[in-house]
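A.B. asks:
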Amino acid sequence: MIRVTNVHKKFKDLEVLRGVDLEVKDGEVISILGPSGSGKTTLLRCINFLEKADEGEMEIGDRKYSLKYATKKQKLEVQRKTAMVFQLNNLFANKTVLENVTIGLTVVQKMNKADARRVAVRYLEKVGLGDRLSSYPAQLSGGQQQRVGIARALALNPSVILFDEPTSALDPELVGEVLSVIRQVAEEHITMVIVTHEMAFARDISDKVVFMDGGVVVESGTPEDIFLNPQKERTVQFLQRFRQVGEAVK
Amino acid sequence: MRLDTQFMLDSIPIILKALPVTAFISVFSMLLGGLLGLLIALIRYYKIPVLDRLFRVYVSLIRGFPLMVQLYLAYFGLPFYINMYCQSVGIDNLAKNIPPLAFAVFAFSVNTSAYVSEVFRSALDSLDKGQREACSSIGMTSFQTMAHILLPQAMVAAIPNLVNLFLGNIKASTLAYMISVHEMMGVAVVLANRAYNYLEIYIVTAVIYWLLCVLLERVFARMEFRFSRYKVRV
Ligand SMILES: Nc1ncnc2c1ncn2[C@@H]1O[C@H](COP(=O)(O)OP(=O)(O)OP(=O)(O)O)[C@@H](O)[C@H]1O
Ligand SMILES: [Mg+2]
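Sequence order for the protein chains is A and B.
Residues 1 to 250 (UniProt numbering) make up the first sequence, in order.
Residues 1 to 234 (UniProt numbering) make up the second sequence, in order.
Laid out in structure tokens, this is it:
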């Protein structure tokens, strides 16, 4: 279980998060929706300590951390229990596909080389890249790169994987392959938080949907609650805008 | 004016005999200066208090002084302090046993370190912050991030500039003859002094240095190609 409470974050005068609470049970898949600028990325970054929150607590399992006062050691501890899949995959350019996945295992988890390789190959096969082990990231398509990023996160066997719009930087024809990998991971009950603008996808795979706006969680519930029966005006407007855009595209 | 071509041809092997001295100065000042420069770059990259400011001044001074002045300062200035130190601890003057070559390597290393530090610093700055964040996100320490991800890429990014510095060093090493180091230029000038064939000698040395640089450029270009293979889309 991972739970964050009362997360506040300001950039200069801009209040980006204004008291966000979020709870993810083990094996649960949660999607975070919300308009651009609502603070979704910032929330994930605060959870992963890539950004220091101004206020807030976090619990992972039976451990508690302050998002503001965590020590260097605590940050590392949290970062080792969580993994992030970025919008731009941020693969290590000087490492092969295989090394991108093994490096977390050997360097961070101190696993021996042979075991790390075995684990890495297993996950790379799972994301359909078993035949590209010795390629470098520059030699892969965007979709393939993103799948390596997912394998890198999975291999570490984290308590939770945080996805920040994993498909929004991809060419449209590559979105499908990445979503289907994530869907497959979701079916294995790996704990995940996914920020996404892919509504249909979020509805399909999520146990819970969270709608954020203006730095707060406006509403959360099952996909049916949020998509079919939203309670808050802002949620309704947001979803309506999406339906219109969706129809306009069709 | 007629050039004495026989003299020119005869001088080539004599000058080339001093190639090891030229190579010694260039290679060692590149190695020592490179290591020191890397250290300075890291100190400045991590903004380590006090040292960061100290080396900022160091880099600015070194880059602002003419190299010749640095060479003279090392050659005439250092022995003075070494003597002072020797006297204070009551041992014999060590400085007079130090060969001029050592002062040349010292001066060129110091000079190189300032330039190398800037090369590495801009190479480190040029790396996107995404990879650094990816390292953090999987729990790598900042040392691990530097050692496995940032430094290897910065090294490759720095190769062209380091090669330029090295070629510059080879040519700058000719200054060492001013403090009576017998590298190629020093030997060449001595040859010319005998019969005042300065023009011939300068032409010969120019060609030798040019060929040396062209050859090395080739070698290093191949090296860079090998190390930056990971960037190539195939
Ligand atoms: N490092 C930063 N410095 C200053 N402002 C920032 C920084 N990071 C984010 N912001 C601002 O904080 C607000 C929230 O940004 P955030 O990236 O969290 O939004 P988001 O919900 O992820 O939006 P999107 O859907 O466009 O990705 C934005 O107005 C953004 O400009
Ligand atoms: Mg975002």
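Yeah, the Cβ is synthetic: ideal placement off N, Cα and C, and Gly gets one too.
Quick check: A:Asp207 and A:Val29, are their CB atoms within less than 9 Å of each other?
C.D. replies: Residue 207 of chain A sits at position 207 when you count from the first residue of the first sequence. Residue 29 of chain A sits at position 29 when you count from the first residue of the first sequence. Taking 9 Å as the Cβ cut-off, A:Asp207 and A:Val29 qualify as a contacting pair.
A.B. asks: Looking at A:Thr41 and ligand 2, is the gap between the Cβ and the nearest heavy atom below 8 Å?
C.D. replies: Here the question's residue 41 of chain A lines up with position 41 in the first sequence. A:Thr41: yes, Cβ under 8 Å from ligand 2.
A.B. asks: How is A:Thr31 classed by DSSP in three states: helix, strand or coil?
C.D. replies: Mapped onto the first sequence, residue 31 of chain A falls at position 31. Just to set this straight, residue 31 of chain A is Ser in the shown sequence, not Thr. Strand.
A.B. asks: Does the separation of the CB atoms of B:Leu71 and B:Phe103 fall below 9 Å?
C.D. replies: One-based indexing of the second sequence puts residue 71 of chain B at position 71. One-based indexing of the second sequence puts residue 103 of chain B at position 103. The answer is yes: Cβ separation under 9 Å.
A.B. asks: So with Cβ pairs under 9 Å, would you call B:Gly37 a contact of chain A?
C.D. replies: Walking along the second sequence from the start, residue 37 of chain B turns up at place 37. Not one chain A Cβ lies under 9 Å of B:Gly37.
A.B. asks: Please go through the same chain and pick out, in chain order, the residues whose beta-carbon is closer than 8 Å to the beta-carbon of A:Glu173, but skip the five residues on each side of it.
C.D. replies: Translated into positions along the first sequence, residue 173 of chain A becomes position 173. So no residue of the chain qualifies.
A.B. asks: Kindly list the residues whose CB is nearer than 6 Å to the CB of A:Val85, restricted to its own chain and excluding five residues on each side of it in sequence; keep chain order.
C.D. replies: Taking the first residue of the first sequence as position 1, residue 85 of chain A is located at position 85. So the qualifying residues of the chain are Gly149, Ile150, Ala153, Phe163, Pro166.
A.B. asks: How long is the line joining the alpha carbons of residue 300 of chain A and A:Leu88, rounded to whole angstroms?
C.D. replies: For residue 300 of chain A there is no data in the structure shown, the boundaries of chain A being 1 and 250.
A.B. asks: For B:Ala192 and B:Val232, what's the separation of their Cα atoms in angstroms?
C.D. replies: Along the second sequence, read from residue 1 onward, the residue named residue 192 of chain B stands at position 192. Along the second sequence, read from residue 1 onward, the residue named residue 232 of chain B stands at position 232. So the two alpha carbons sit approximately 50 Å from each other.
A.B. asks: Looking at chain A, is there any beta carbon in it that lies within less than 9 Å of the beta carbon of B:Pro13?
C.D. replies: By 1-based counting over the second sequence, the position of residue 13 of chain B is 13. For B:Pro13, the answer is no, since every Cβ of chain A falls outside 9 Å of its Cβ.
A.B. asks: For A:Gly142, which option in A:Tyr69, A:Val178, A:Val121, A:Met1 has the closest C-alpha, if you only look at C-alpha atoms?
C.D. replies: If you number the first sequence from 1, residue 142 of chain A lands on position 142. If we check each option's Cα against that of A:Gly142, A:Val178 comes out closest.
A.B. asks: Any C-beta of chain B within less than 7 Å: which residues of the stretch 96-109 of chain A qualify?
C.D. replies: Under the 7 Å Cβ criterion, the stretch 96-109 of chain A contributes Ile103, Gly104, Val107, Val108.
A.B. asks: Would you call the CB atoms of B:Ser26 and B:Ser173 closer than 9 Å?
C.D. replies: In the second sequence, the residue the question calls residue 26 of chain B occupies position 26. In the second sequence, the residue the question calls residue 173 of chain B occupies position 173. Yes.
A.B. asks: Assuming B:Ser109 contacts B:Leu36 under a Cβ cut-off of 8 Å, what Cβ separation, rounded to an integer in Å, is found between them?
C.D. replies: Taking the first residue of the second sequence as 1, we reach residue 109 of chain B at position 109. Taking the first residue of the second sequence as 1, we reach residue 36 of chain B at position 36. B:Ser109 to B:Leu36, Cβ: 7 Å. Contact.
A.B. asks: Return the first residue and the last residue of the beta strand (DSSP E) that B:Glu224 is part of.
C.D. replies: The residue you call residue 224 of chain B lines up with position 224 of the second sequence. Premise fails: B:Glu224 lies in the alpha helix (DSSP H), 198-227, not in any beta strand (DSSP E).
A.B. asks: On a CA-only basis, which of A:Val97, A:Asn229, A:Phe242, A:Val121 is nearest residue 252 of chain A? Give me that one, please.
C.D. replies: The structure shown has nothing for residue 252 of chain A, since chain A only spans 1 to 250.
A.B. asks: In whole angstroms, what is the alpha-carbon distance linking A:Leu76 and A:Gly104?
C.D. replies: If you number the first sequence from 1, residue 76 of chain A lands on position 76. If you number the first sequence from 1, residue 104 of chain A lands on position 104. Going by the C-alpha atoms only, they are around 13 Å apart.
A.B. asks: Using a cut-off of 8 Å between C-beta atoms, extract the partners of A:Arg80 located in chain B.
C.D. replies: Here residue 80 of chain A corresponds to residue number 80 of the first sequence, with the count starting at 1. Residues of chain B passing the Cβ test: Ile138, Gly139.
A.B. asks: Can you confirm whether B:Glu133, when its beta carbon is compared against all beta carbons of chain A, has any partner nearer than 9 Å?
C.D. replies: By one-based count along the second sequence, residue 133 of chain B stands at place 133. Judged by the 9 Å Cβ criterion, B:Glu133 is in contact with chain A.
A.B. asks: From A:Thr196, A:Arg241, A:His189, A:Ala155, pick the residue whose C-alpha is nearest to that of A:Val24; which is it?
C.D. replies: If you number the first sequence from 1, residue 24 of chain A lands on position 24. Nearest option by C-alpha distance: A:His189.
A.B. asks: Cutting at 7 Å between CB atoms, please list the residues of its own chain near A:Glu15, excluding the five before and the five after it.
C.D. replies: Working through the first sequence from its first residue, we reach residue 15 of chain A at position 15. If we look at A:Glu15 and ignore the five residues flanking it on each side, its Cβ neighbours are Gly215.
A.B. asks: Does A:His8 come out as helix, strand or coil in the three-state DSSP assignment?
C.D. replies: Counting from 1 along the first sequence, the entry for residue 8 of chain A is found at position 8. DSSP places A:His8 in strand when its eight states are reduced to three.
A.B. asks: Is there a Cβ from chain B that is less than 9 Å from the Cβ of A:Pro166?
C.D. replies: One-based indexing of the first sequence puts residue 166 of chain A at position 166. No - not a single Cβ of chain B is within 9 Å of the one on A:Pro166.
A.B. asks: Which of the residues in the stretch 216-233 of chain B, read from start to end, lie with their CB under 8 Å from any CB of chain A?
C.D. replies: Answer set for the stretch 216-233 of chain B: Arg229, Tyr230, Lys231, Val232, Arg233.
A.B. asks: Check each residue of the stretch 129-142 of chain A: if its Cβ is closer than 7 Å to any Cβ of chain B, include it; give the result in chain order.
C.D. replies: Answer set for the stretch 129-142 of chain A: Tyr136, Ala138, Gln139.
A.B. asks: Tell me which same chain residues have a C-beta within less than 8 Å of the C-beta of B:Leu3, skipping the five on either side of it?
C.D. replies: Numbered from its first residue, the second sequence carries residue 3 of chain B at position 3. Answer for B:Leu3: Leu199, Glu200, Ile203, listed in chain order.
A.B. asks: My understanding is that A:Val210 touches A:Leu22, with C-beta atoms under 8 Å, so please give their C-beta distance in whole angstroms.
C.D. replies: If you number the first sequence from 1, residue 210 of chain A lands on position 210. If you number the first sequence from 1, residue 22 of chain A lands on position 22. Rounded, the Cβ-Cβ distance is 7 Å, consistent with contact.
A.B. asks: Does the distance from the CB of A:Lys73 to the CB of A:Ile60 come in under 9 Å?
C.D. replies: Position 73 of the first sequence, counted from the first residue, corresponds to residue 73 of chain A. Position 60 of the first sequence, counted from the first residue, corresponds to residue 60 of chain A. Cβ atoms of A:Lys73 and A:Ile60: not closer than 9 Å.
A.B. asks: For B:Met140, does the three-state DSSP call read helix, strand or coil?
C.D. replies: Here residue 140 of chain B corresponds to residue number 140 of the second sequence, with the count starting at 1. In the structure shown, B:Met140 sits in coil (DSSP, three-state: anything other than H, G, I, E or B).
A.B. asks: Which residues of chain A have a Cβ atom closer than 9 Å to the Cβ of B:Ile149, listed in chain order?
C.D. replies: Here the question's residue 149 of chain B lines up with position 149 in the second sequence. Chain A residues near B:Ile149: Phe92, Ala93, Asn94, Lys95, Ile103.
A.B. asks: Quick one: what's A:Phe163 bridged to in DSSP?
C.D. replies: Locating residue 163 of chain A in the first sequence gives position 163, counting from the first residue. According to DSSP, A:Phe163 bridges with A:Val85, A:Ile194.
A.B. asks: For a contact defined as C-beta to C-beta under 8 Å, what are the partners of B:Pro152 on chain A?
C.D. replies: As a first step, residue 152 of chain B must be located in the second sequence, where it is residue number 152. Ordered by position in chain A, the residues that pass the 8 Å Cβ test against B:Pro152 are Asn94.
A.B. asks: By Cβ distance below 8 Å, which residues in the same chain neighbour B:Cys86 in space, the five residues on each side in sequence not counted?
C.D. replies: In the second sequence, residue 86 of chain B corresponds to position 86, counting from 1. Only Asp92, Asn93, Leu94, Ala95 meet the Cβ criterion.
A.B. asks: Just tell me which of B:Pro99, B:Phe55, B:Arg222 has its CA closest to the CA of B:Ser180.
C.D. replies: Your numbering for residue 180 of chain B matches position 180 in the second sequence. Looking at the Cα atoms, B:Pro99 is the closest of the given residues.
A.B. asks: According to DSSP, what are the bridge partners of A:Glu57?
C.D. replies: By 1-based counting over the first sequence, the position of residue 57 of chain A is 57. Answer by DSSP bridge pairing, in chain order: A:Thr5, A:Ser66.
A.B. asks: Just checking A:Gln146 against ligand 2 - is the residue's beta carbon closer than 8 Å to any of the ligand's heavy atoms?
C.D. replies: Here the question's residue 146 of chain A lines up with position 146 in the first sequence. A:Gln146 Cβ: outside cutoff for every heavy atom of ligand 2.
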